[in-house]
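Structure, as structure tokens:
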Amino acid sequence: MSSEDKRRYHRILFQAPARFHGDGRAFTCRIVDLSLQGCLLQADAPLPPRGRLEIELTPGHCITLHLRRVHHQGERAGFACEHISLEDLSELRRLVELNLGDSALLERDFKALCPAPG
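Reminder that position 28 of the sequence shown reads as 28 in UniProt numbering, one-by-one numbering, no gaps.
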């Protein structure tokens, strides 16, 4: 099964600069793609296996994700989201929805992220 087949969340191409904080250092990186549950980052230096990613949407307004590296190859590394605040999740959901262009696909992704109790 390919990694595309294993993915439960739709990714959007969202190329933007970001800051990754890990191991007591800050790294400038670039987001290659983004989903409700993770992202693919590109950086000149190897990124630590865990850290905090800040995506600046507008000056002074960031979405923060706490990430865990799941793979890396060369300058690119894939990360899974381990924690995100409810407020930032709402912002991320809106960002993905605007770029995905299909609210039904996003709703399916969001339900997979937050399964019903029971």
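Even for Gly, the Cβ is constructed at its ideal location relative to N, Cα and C.
CA-to-CA distance, residue j to residue i, given in whole angstroms
i            : j             : result
threonine 58 : glycine 22    : 23 Å
serine 2     : asparagine 99 : With a pLDDT of only 41 at serine 2, under 50, the local geometry of the prediction cannot be trusted, and no value is derived from it.
glutamine 27 : glutamate 91  : Note on identity: in this sequence residue 27 is phenylalanine, with glutamine being the wrong assignment. Distance between the alpha carbons of phenylalanine 27 and glutamate 91 is about 23 Å.
aspartate 44 : arginine 25   : 14 Å
glutamate 14 : valine 32     : Checking the sequence shown, residue 14 turns out to be phenylalanine, not glutamate. Their Cα atoms are separated by approximately 6 Å.
glutamate 87 : proline 48    : 26 Å
valine 96    : leucine 36    : 7 Å
glutamine 42 : glycine 60    : 23 Å
histidine 72 : glycine 38    : 13 Å
alanine 80   : leucine 89    : 14 Å
valine 70    : isoleucine 84 : 17 Å
proline 46   : cysteine 62   : 23 Å
Where the alpha helix (DSSP H) through residue i begins and ends
i            : result
glutamate 75 : Segment: none, glutamate 75 is in no alpha helix (DSSP H) and carries neither H nor E.
serine 90    : 86-100
CB contact flag (residue i, residue j, <9 Å)
i            : j            : result
glutamate 54 : threonine 64 : yes
arginine 82  : arginine 68  : The sequence given here places glutamate at residue 82; arginine does not occur at that position. Going by C-beta atoms, glutamate 82 is nearer than 9 Å to arginine 68.
alanine 16   : leucine 40   : no
leucine 34   : arginine 52  : no
arginine 19  : glutamate 56 : yes
*At which residue ranges does the stretch 7-53 contain complete alpha helix (DSSP H) runs of 4 or more residues, listed in the order of the chain?*
DSSP runs (the alpha helix (DSSP H)) wholly in the stretch 7-53: none.
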